[in-house]
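What follows is a single structure, written as structure tokens, with notes after it.
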Amino acid sequence: MEQFINTKIVYTPTEEDLQEAATLLTAGKLVAIPTETVYGLGVNALLPEAPPKVYAAKGRPSDNPLIIHLADANEADRYAVTCATYHKLASAFMPGPLTVILPKRNCIPDSVTGGLATVAVRVPSHPIAHRLIELCGFPVAAPSANLSGRPSTTTVEHVIEDMNGRVDMILNGGASDIGLESTIVLPKADGSLVLLRPGAITVEMLEEEGFSVMLDKAVTERLQAGEQPLAPGMKYRHYAPHARVILLSGERGAVQAAMEPFRDRTDTALVCYADDPIANAANACILGAFDRRDEQARNLFDLLRSFDSRPEITHICAPLPDRKGIGLALFNRMLKAAGYDIEEV
Ligand code: TXA
Ligand code: MG
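Just so we're aligned, residue 191 is where the sequence shown starts under our numbering, counting upward by one.
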């Protein structure tokens, strides 16, 4: 990092604080913002010289494009070429945890899109994010507010850990409601969607609205050398703790049996559901109740981060989630945390 920035941390943002944050963003400064998915690292999307500061603060490759965040779904036309599919998606799911890829207009600088001809558009529902973007009056480009390669941040403590001294302001908005990044879709000319990244807007929810959905290969599989995911960010091994993550795939009972020999070991963490028999082990780490995928989603990144402050842990065993509902997003993030290391049990 080139330079230490004096970071202002605001624990209970008032309207005045949000005004100050908007003034900082207008001037091209960096503000960490709570959203309903994960915290974002916001910057003025219309100033070509501003986005590179975000890449520097995160230590992120600059070929990985940023999502622009709007206060109102109808503003998208100013920055992107919208279509009937976009408007149908917007009326069903915006504001909320959905990002849509659209052809970009010239006012969006290449520094936001990494030189792509498309731009990612999202309208967050978190009241602080929404009010701040509204005060700005311009789109706020924001990647997740974590150091590159670390799990996304879902509490202000996570953001402070990664970003203190690297950004101008951090706004607290409590623990993220969803805990996993937004669903990303690419509309096709025939009205169908390609799912680039799974999230809380699930395939089932999209299908219920009448969309036909195809999964980009990078959602469920390791790409071979030379293969490119449609969302450039999906090629990076995000979310990876220092310890080796081993995903156990099989019946719930078989997964339990495979973990049993590692019970109480100090060098191994056992990720399990609250109602698993192994949950009483000294080295058990509870992801959430078995039938509460929303709870598991909310806890995952905090759990992954907690392992990094425990150097004695060299191995993490975790059950491979099923792919139902937001389970597909958990499956995708855990697969990446494990570097696609799955053991059948
Ligand atoms: O929930 C979220 O989406 C959070 C909050 C802060 O809004 N943001 C977030 O941003 O997760 P980030 O930068 O960590 O992830 C953005 C993803 C990356 O995988 C990137 O490659 C993809 O979106 N992306 C952005 N623009 C794109 C484009 N034009 N075409 C394809 N993928 C794009
Ligand atoms: Mg990210």
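Idealized CB from N, CA, C, for every residue including glycine.
- request: Would you check whether the ligand TXA has a heavy atom nearer than 7 Å to the C-beta of residue 371?
  value: As a working mapping, residue 371 is identified with position 181 in the sequence shown. Yes.
query: Any heavy atom of the ligand MG closer than 7 Å to the Cβ of residue 423?
result: In the sequence shown, counting from the first residue as 1, residue 423 sits at position 233. Under cutoff, so the answer is yes.
message: For the ligand MG, is there any heavy atom lying closer than 7 Å to the beta carbon of residue 366?
response: On the sequence shown, residue 366 is found 176 positions in, with the first residue counted as 1. Flag unset: Cβ of residue 366 not near the ligand MG.
task: Pick out whichever of 406, 507, 418 and 336 has its Cα sitting closest to the Cα of residue 454.
output: Here residue 454 is taken as the residue at index 264 of the sequence shown, counted from 1. Nearest of 406, 507, 418 and 336 to residue 454, Cα basis: 507.
field: With 16 other Cβ atoms within 10 Å as the buried cut-off, status of residue 446
entry: Here residue 446 refers to the residue found at position 256 of the sequence shown. By the neighbour-count definition (other C-beta atoms within 10 Å, threshold 16), residue 446 is a buried residue.
- prompt: Are there 16 or more other CB atoms within 10 angstroms of the CB of residue 334, so buried, or fewer, so exposed?
  reply: One-based indexing of the sequence shown puts residue 334 at position 144. Buried is the call here.
- prompt: Can we count residue 334 as close to the ligand TXA, meaning its CB is less than 7 Å from some heavy atom?
  reply: Your numbering for residue 334 matches position 144 in the sequence shown. For the ligand TXA, at least one heavy atom lies less than 7 Å from the Cβ of residue 334.
message: Looking at the strands, I want to know which residues DSSP matches up with residue 334.
response: For the purposes of this step, residue 334 is taken as the residue at position 144 of the sequence shown. The partner list for residue 334 (beta bridge, DSSP) reads 230.
query: According to DSSP, is residue 386 helix, strand or coil?
result: Numbered from 1 along the sequence shown, position 196 holds the residue referred to as residue 386. The answer is strand: DSSP assigns residue 386 an E or B state.
task: Under the assumption that residue 357 contacts residue 261 (Cβ atoms under 8 Å), give the Cβ distance between them as a whole number of angstroms.
output: For the purposes of this step, residue 357 is identified with residue 167 of the sequence shown, where counting begins at 1. For the purposes of this step, residue 261 is identified with residue 71 of the sequence shown, where counting begins at 1. Taking a contact as a CB-CB distance under 8 Å, the pair residue 357 and residue 261 does not count as one, their CB atoms being some 21 Å apart.
- prompt: Would the beta-carbon of residue 382 be found less than 7 Å away from any heavy atom of the ligand MG?
  reply: Residue 382 sits at position 192 when you count from the first residue of the sequence shown. Outside the cutoff, so no.
query: When DSSP labels each residue in this structure, what does residue 201 get in the three-state scheme?
result: The count along the sequence shown starts at 1 and reaches residue 201 at position 11. If DSSP states are grouped into helix, strand and coil, residue 201 belongs with coil.
- prompt: At a cut-off of 7 Å, is residue 356 close to the ligand TXA when judged by its beta-carbon and the heavy atoms of the ligand?
  reply: On the sequence shown, residue 356 is found 166 positions in, with the first residue counted as 1. In this structure, the ligand TXA has no non-hydrogen atom nearer than 7 Å to the beta-carbon of residue 356.
query: For residue 253, which option in 440, 468 and 302 has the closest C-alpha, if you only look at C-alpha atoms?
result: Residue numbering aside, residue 253 sits at position 63 when the sequence shown is read from its first letter. Measuring from the Cα of residue 253, the nearest candidate turns out to be 302.
- request: Any chance you could list the alpha helix (DSSP H) runs of at least 4 consecutive residues sitting entirely within the stretch 292 to 324, in chain order?
  value: The stretch 292 to 324 contains these whole alpha helix (DSSP H) runs: 300 to 303.
- prompt: Sorry if obvious, but does the Cβ on residue 301 come closer than 7 Å to a heavy atom of the ligand MG?
  reply: For this step, residue 301 is matched to residue 111 along the sequence shown. Using a cutoff of 7 Å, the CB of residue 301 does not count as near the ligand MG, since none of the ligand's heavy atoms is closer than that.
- request: Report whether the distance from the Cβ of residue 314 to the nearest heavy atom of the ligand TXA is below 7 Å.
  value: The residue given as residue 314 occupies position 124 in the sequence shown. Result yes, Cβ under 7 Å from the ligand TXA.
message: When you measure from the CB of residue 342 to every non-hydrogen atom of the ligand FMN, does any distance come out below 7 Å?
response: The ligand FMN is absent from the structure shown, which contains only the ligand TXA and the ligand MG.
query: To which residues of the same chain is residue 355 closer than 7 Å at the C-beta, ignoring the five residues directly before and after it?
result: Start at 1 with the first residue of the sequence shown, and residue 355 comes out as number 165. Only 194, 195 and 197 meet the Cβ criterion.
message: Looking at residue 288: is its Cβ nearer than 8 Å to the Cβ of residue 272?
response: If you number the sequence shown from 1, residue 288 lands on position 98. If you number the sequence shown from 1, residue 272 lands on position 82. Result no, Cβ atoms of residue 288 and residue 272 do not sit closer than 8 Å.
- request: Might you give, ordered along the chain, the residues of its own chain that have their beta carbon closer than 7 Å to the beta carbon of residue 320, omitting 5 neighbours on each side?
  value: Position 130 of the sequence shown, counted from the first residue, corresponds to residue 320. Counting only Cβ-Cβ distances below 7 Å, and skipping sequence neighbours, we find 261, 285 and 314.
field: Whole beta strand (DSSP E) elements within the stretch 386 to 439, 3-residue minimum
entry: Within the stretch 386 to 439, the complete beta strand (DSSP E) runs of at least 3 residues fall at 403 to 405 and 434 to 439.
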